[in-house]
Structure formats: structure tokens, C-alpha cells
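Protein chains in written order, with this note's numbering: chain A, 14 to 271; chain S, 4 to 327. Notes follow once the structure below has been shown.
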Amino acid sequence: MNLLTASSIDIAYADAPIVHGVTLELVPGKTIALAGPNGAGKTTILKALNGGLPVVAGTVELDGKPLGEYSRREIARRIAVIAQENETRFPVTVIEFVLAGRFAHGASLGWETEADHRIARTALGLCDLEDYAERLMNQLSGGERQRVVLARAIATEARILLLDEPTANLDLAHQAMMFRLVRDRCRTCESAAIMITHDLNLASEFADEIVLLDAGRIAANGTPREVLTAANIEQVFGVEVLLDDNPATGNVRVTTLF
Amino acid sequence: MTIDVGQDRSRALRFGGMLVLLLGAALILGAYLGSERLDLFNLDATERVILFDIRLPRVFLGATVGASLAVAGASLQSLLRNPLAEPYLLGVSNGAALGTMLAFVVFSNVEFMRPLLAFGGAVLATVVVYRMARSRAGMNVERLVLSGVIVTTFLSSVIVLLTSLLDATRLRSFTFWLLGDLSQATSSGFYVTLIVVVIGTLVLASQSRALNLMMIGERDAFDFGVEVSRVRLIVFGTSAALVGISVAASGSVGYVGLIVPHMIRLTAGSDNRFVIPFSAIAGAVFVVCADTAARTLIAPRELPVGAITALIGAPLFVYLLRRN
Chain A
14 MNLLTASSID IAYADAPIVH GVTLELVPGK TIALAGPNGA GKTTILKALN GGLPVVAGTV
74 ELDGKPLGEY SRREIARRIA VIAQENETRF PVTVIEFVLA GRFAHGASLG WETEADHRIA
134 RTALGLCDLE DYAERLMNQL SGGERQRVVL ARAIATEARI LLLDEPTANL DLAHQAMMFR
194 LVRDRCRTCE SAAIMITHDL NLASEFADEI VLLDAGRIAA NGTPREVLTA ANIEQVFGVE
254 VLLDDNPATG NVRVTTLF
Chain S
4 MTIDVGQDRS RALRFGGMLV LLLGAALILG AYLGSERLDL FNLDATERVI LFDIRLPRVF
64 LGATVGASLA VAGASLQSLL RNPLAEPYLL GVSNGAALGT MLAFVVFSNV EFMRPLLAFG
124 GAVLATVVVY RMARSRAGMN VERLVLSGVI VTTFLSSVIV LLTSLLDATR LRSFTFWLLG
184 DLSQATSSGF YVTLIVVVIG TLVLASQSRA LNLMMIGERD AFDFGVEVSR VRLIVFGTSA
244 ALVGISVAAS GSVGYVGLIV PHMIRLTAGS DNRFVIPFSA IAGAVFVVCA DTAARTLIAP
304 RELPVGAITA LIGAPLFVYL LRRN
């Protein structure tokens, strides 16, 4: 069964239509990359999949049930979001931040359990942050914070990950770490991920499916090899590209021609 | 892997215990000091009257007012993700003051109308400031503070217009009251404030885990399972009630909601499960001490307690603003 299904959804901001007739199906084990020019509606779609924006037409179903029938906490136990982190002005420690990912599991009153703490520590370890627990969030670099955001999402134990440009602040090693973590979770925990990225080569390497958006509509979708064609890319991004195969992995590789 | 979850908590509880002791000391000091020093163990009839009818109601009212304002400040700061949010600076106190004045002018014989209209005024001011500060791009520190300034000055001018309707004797006591004045304390006023502050603190403390997420970001809180609009409604409503009741009892004592939660976060961290209850106790300590100073510094004359809190709070505000 699909974990998450969006069936021909339309989304509008203050009556201005942004997204038209988008359909996405997320099955366990799958990673979908959402790509497209700025303003194509990628983040808008991600917000709607999580109930953060209402759809004006079409439906979003989570585990076979309309999203609207779930409470916020029920949704948060199933969907974890990784967005750009905005700085907080309060002295919050890394472990406090990651424990926020356990909010939907415990009572809204009261305290995190020892199990919550163990899960949070494990998530920190996975993200290369073992020694960061007591550090303050506002003393970390952008890349370190981004990893803490990933750790928090992992700590939710949600089966669906929604990632909005998760690698924007990360160095090469941690970009690879982020993708490996997400992909491993999808393979081993029967999870699935939808990820917005501008990096078509990363999408080609790590995604099972690419959805190419243009002005709020799906311009192409399918496997990376089906979607990343010179015609598609030129039509959507307006640039000429050279396509070949990555000699190491055999996946399609995109080089922009300037 | 062993994790000591209890360690932080027991440290925090020790800190809380210390605050309670401090409150006890402040209450005794407040009862002892004043224009007339009282030998608490050897009172004559007049001193008894001073202690039980005048001083103790005042000291206890000061404690409840301090607790209300500090808890309201701590919660508003987390909700609005802004360490500078404070009932007085946001204009919420002035909204409550205007409500109280209206009750005084229009329903001068109906005592319970004062806290009621104060609450109404506080709610109205909160809603207006929040609406003004919010834009499509979100809410930044400066915008919120500016909206607070605008609402505060507007309400101040309405208050000034209203005071011109009062006769000279009432005018003087009003001016004093506006700056924060505990000298009109009565036992019944204290009990009402006590009930509101206990319930209000419990309600806000019950939201503290959600507020911990709100403090990180509204979007984050939503994504991780917080019913954002419900929490917002609870916090705005409850803090307006806390501010309303304390302003109706003692005028606008400023900056308590800024200073106290800031000190608590410096010593005990940002977890609202500690910050909210600890702010209640520390707020009580702070206002009792400030009022004791207000009564004794230029005795037998008195300063408004709000003048003392502002003297400490305004420089701190500048410091926090610069650090931001």
C-alpha cells in the first residue's frame, strides 16, 4: 500500500493558484526527488503533503486515509520534515532540539522517557554528532545545524521523510552522509522520502524517481534516466546540457553547458 | 548505553527549592521593612494592624503580581520566539490599564468590572499587536517591538484623555497607580489574584512542552505535532488574564516579564517546563523586593514599584536588543 498519495492536487496561496494537478505516489522503500526551477511549487507541494497547506482540489492520503482525518500528532508520528532551519534566539541545546522530534510520541504534558533519550542519542550518533548533545544550537555552523535537523527527523521514527533542500549547507562528506542515511532508512526501515533538490546529479544518484516540475505542473516523471533528457531539461530550465553516464555508478550525469 | 535523564531534573529541582527559600526570605523581609520597622515577634496593637491589614496584603499581592507578569512574559516570549516580548512593552499592560480605567470611570461602584475590563483590554491589545507584527514573511523582533510601541503610545494617549475627566485627588492616585503601585492592596484583591495566578501558571505550564517547540519555530512546531493555533489561543488568553488581573490590582508594573524569565534562562536553561514555574517564583521574589525598596528608599514617602522595576529593566532591554 502507498504510504502517501497525492492525487491530482491543486494548491493556491490567497486565491493565486500555485500547483495544478500534481500526482505523487510514495511506496515503502522509495525515494522521490522533486526538481524544477525556483518558484515551480516544490516547497508548496511538500507543505501540502504534511497538511501545512490545504489543497483546493484533489486529495492527499496517508496510509490510505485522508490526511484531514489525522490529528497533528498522528501526522507527526508518520511524517518527519527536514526544512531549512531558522535560528532560534533562545539558548536551546542540541539534545533539547533533537528531543523535540519525540514530542508527538509522548504525552504533551510531562517529560521525555529514557527511551526517547536513547533514540535521540542514537540519531545524533548516526549524524556524526555524538559529542554535540550539550552544545547550544546558536553556536553551531549552518552545516552542523542542518545535521541536527536531520537527527531530529530521524528521532521521530516516522516512516515518511520530507526533505526541503537538505544538503544546502552541507560539505561534500556530509552531503553523502545525508543521502546515505536517507536511502538506508528507506531500504531497511520500509520508509520513503520525498526530497527537493536543485542538484540533478545527486537526484540521479540517489532517487528512484524524479518528478520534474515547471510552473506548478509536472513536466516529466519517472526514473532518473527517463526524466533527465536534454529535451526535458532544456524545456524546464532553459539551459543546454550534456548527458553521459557516470563512469563510477553508471547513472546518468548532467553537465550544464555555459 | 546508560543515560542519566534524572541528573538535569534534580539539578533543576534544587534550583527551584532555592527559589522557594528565597521567596520565603523576601516575604519576611517585606513584612519586616517599611516606613515602620516591625519587630515581628513582639507586636503591639498598632503594629499588628500595620502588619496584618496593610503590610502583609501588600507583600502577598506583590508576590502574586510578580508571578503573573513573569509567567506571562516567559510564555509570550516562547510563543512569539522573541526574548523581548513582555506584557508592558507589547502594550498588553496598557490595554489592561485602559480597561481598568474605563471600569473606574463608567462602573465606579462595581468592583468586579475592573479585572474583567482589564482582561478585555489586555486581550484586545494582544490581538492588535500580534496582527500588526505579523506579515507574510513572518514576524521579526523589530516589527514586534515597534508594534508594541505604537499600541502602547496610542493607549497611553487615550489614558491621558480619560484622566482629564478625573478630579484632582483621584488624578494623583491614578498617576501613581499607572506606574505600578501596590499601596491599595486588600486581602480580597490578593485572593482573587492568587487564584488567577495559580490557575494561569498551571495552564501555561501544561503547554510548556509545546512552547519548547514553538520557541524553535512555528513551522517546526507544526511539523512535529503541535496544534499551533490552539496553543497560541491558550497562551494569549491566559497571559492576558494574568496581566489583566495584576494590572487591575496594581497598575502597570513594567519589565518584570522581561527581567525574570531572562535570569531564569541564564541559570536554568530554556526548557519551559522549568522556565515557567521558576519564573512564577522568581517573579514573586523580584516584585516583593522591588516594592520593599519602593517603600523604604525615601521613607516615609513612597516610590511607585513600577519605577524601580523599570530602572532595572530598561538597561537590560537595551542590552538584549543590542545582543540580538
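Even for Gly, the Cβ is constructed at its ideal location relative to N, Cα and C. Quick caveat: nothing in here was measured; it's all calculated off a predicted structure.
Q. Are any of the Cβ atoms in chain S nearer than 8 Å to that of G81(A)?
A. False, the Cβ-Cβ gap to chain S never drops below 8 Å.
Q) Does any C-beta atom of chain S lie closer than 8 Å to the C-beta of N63(A)? A) Interface residue, yes.
Q. Does the Cβ of G45(A) have 16 or more other Cβ atoms within 10 Å, making it buried, or fewer, making it exposed?
A. Rather than Gly, the amino acid found at residue 45(A) in this sequence is Ile. Under this definition I45(A) is a buried residue.
Q: Determine whether the Cβ of T236(A) lies closer than 8 Å to any Cβ atom of chain S.
A: Residue contact check for T236(A) against chain S: no CB pair falls below 8 Å.
**Q.** Extent of the continuous beta strand (DSSP E) to which A29(A) belongs
**A.** In the DSSP assignment, A29(A) falls within the beta strand (DSSP E) that extends over 29-39.
Q. What is the C-beta distance between V308(S) and V246(S), in whole angstroms, given that I count them as a contact (C-beta under 8 Å)?
A. Contact flag wrong, Cβ pair sits at about 16 Å.
Q. Taking just the CA atoms, how far does F271(A) sit from L176(A)?
A. Cα to Cα, L176(A) sits roughly 29 Å from F271(A).
Q | 8 Å Cβ cut-off: residues of chain A touching P86(S) | A | Simply R102, F103.
Q | Cut-off 7 Å between Cβ atoms - residues of its own chain near V265(A), not counting five sequence neighbours on either side | A | The beta carbon of V265(A) sits closer than 7 Å to those of S217, P237, R238, L241, L256, D258, all from its chain and outside the five residues before and after it, given in chain order.
Q | Own chain, CB closer than 8 Å to A232(A), minus 5 neighbours either side, in chain order | A | Listed in chain order, the non-local C-beta contacts of A232(A) below 8 Å within the same chain comprise G49, L225, L226, N245, Q248, V249, local neighbours out to five positions each way being set aside.
Q: Pull out every residue of the segment 193-225 of chain S whose Cβ sits closer than 9 Å to any Cβ of chain A, in chain order.
A: The residues in question are A208, S209, Q210, S211, R212, A213, N215, L216, M218, I219, G220, R222, D223, A224, F225.
Q. Which residues in chain S sit within 7 Å of V94(A), going by Cβ to Cβ distance?
A. Residues of chain S with a Cβ closer than 7 Å to the Cβ of V94(A) are, in chain order, D226.
Q) Bridge partners of Y26(A), per DSSP? A) BP columns for Y26(A) point to A29(A).
Q | Cβ of G33(S) within 8 Å of any chain A Cβ | A | So no, G33(S) is outside the interface.
Q. So which residues on chain A does E50(S) lean against when the C-beta distance must stay under 8 Å?
A. Here the premise fails: no neighbours, minimum Cβ distance about 46 Å.
Q) Just to confirm, are A121(S) and V259(S) a CB contact at a threshold of 8 Å? A) No.
Q) L214(S): which of S81(S), R298(S), L101(S), S159(S) sits nearest, CA to CA? A) Nearest of S81(S), R298(S), L101(S), S159(S) to L214(S), Cα basis: S81(S).
(Q) Quick check: the Cα distance between T106(A) and R148(A), rounded to an integer number of angstroms? (A) The alpha-carbon of T106(A) is positioned some 5 Å away from that of R148(A).
Q. Candidates L16(S), V126(S), P303(S), S150(S): which alpha carbon is nearest L87(S)'s?
A. Relative to the Cα of L87(S), the nearest Cα in the group L16(S), V126(S), P303(S), S150(S) belongs to S150(S).
Q: State the start and end residues of the unbroken beta strand (DSSP E) segment that holds D226(S).
A: Element bounds for D226(S): not the beta strand (DSSP E) but the alpha helix (DSSP H), 221-226.
**Q.** Straight-line Cα distance separating G235(A) from E145(S)
**A.** Taking the straight line joining both Cα atoms gives about 47 Å.
Q: Compare the C-beta of R268(S) against all C-beta atoms of chain A and say whether one is closer than 8 Å.
A: Using a Cβ-Cβ cut-off of 8 Å, R268(S) counts as an interface residue toward chain A, since at least one Cβ of chain A sits closer than that to its own.
(Q) Quick check on DSSP: helix, strand or coil for I58(A)? (A) Of the three classes helix, strand and coil, the one that applies to I58(A) here is helix, per DSSP.
(Q) Less than 8 Å between CB atoms is the rule here; does A19(A) satisfy it with respect to chain S? (A) A19(A) does not count as touching chain S.
Q. Looking at S211(S) and P90(S), is the spacing between their C-beta atoms short of 8 Å?
A. Taking 8 Å as the Cβ cut-off, P90(S) and S211(S) do not qualify as a contacting pair.
Q: Check whether the segment 277-291 of chain S touches the segment 15-24 of chain S, taking contact to mean three or more Cβ pairs, one atom from each stretch, closer than 8 Å.
A: Verdict: yes, contact present.
Q) Is there contact between the segment 109-121 of chain A and the segment 153-170 of chain A, where contact requires at least three CB pairs shorter than 8 Å? A) The segment 109-121 of chain A, when compared against the segment 153-170 of chain A, does touch it at the 8 Å Cβ threshold.
(Q) Distance check for I153(S) and L30(S), CA to CA, integer angstroms please. (A) When rounded, the distance between both Cα atoms is 37 Å.
Q) Going by beta carbon distance, what residues of the same chain come within less than 6 Å of A224(S), once the five residues before and after it are set aside? A) Here the set comprises L216, M217, V231.
Q. In whole angstroms, what separates the C-alpha of C140(A) from that of F116(A)?
A. Between the C-alpha atoms of C140(A) and F116(A) there is a straight-line separation of about 20 Å.
Q: Using a Cβ cut-off of 8 Å (strictly closer), state whether S242(S) contacts chain A.
A: False, the Cβ-Cβ gap to chain A never drops below 8 Å.
Q: Using the DSSP secondary-structure output, state which residues sit across from R266(A) in a beta bridge.
A: D257(A), per the DSSP bridge assignment.
**Q.** Coil, strand or helix - V68(A) by DSSP
**A.** For V68(A), the secondary structure class from DSSP, reduced to helix, strand or coil, is coil.
Q. Closer than 8 Å, CB to CB, is G42(A) near chain S or not?
A. Answer no: the Cβ-Cβ gap between G42(A) and chain S never drops below 8 Å.
Q | Residues near V40(A) by beta carbon distance below 7 Å, same chain, minus five either side | A | These residues qualify, in order along the chain: N15, L16, A205.
(Q) Is there a C-beta anywhere in chain A that falls below 8 Å from the one on V229(S)? (A) Against chain A, the CB of V229(S) has a partner CB under 8 Å away; the residue lies at that interface.
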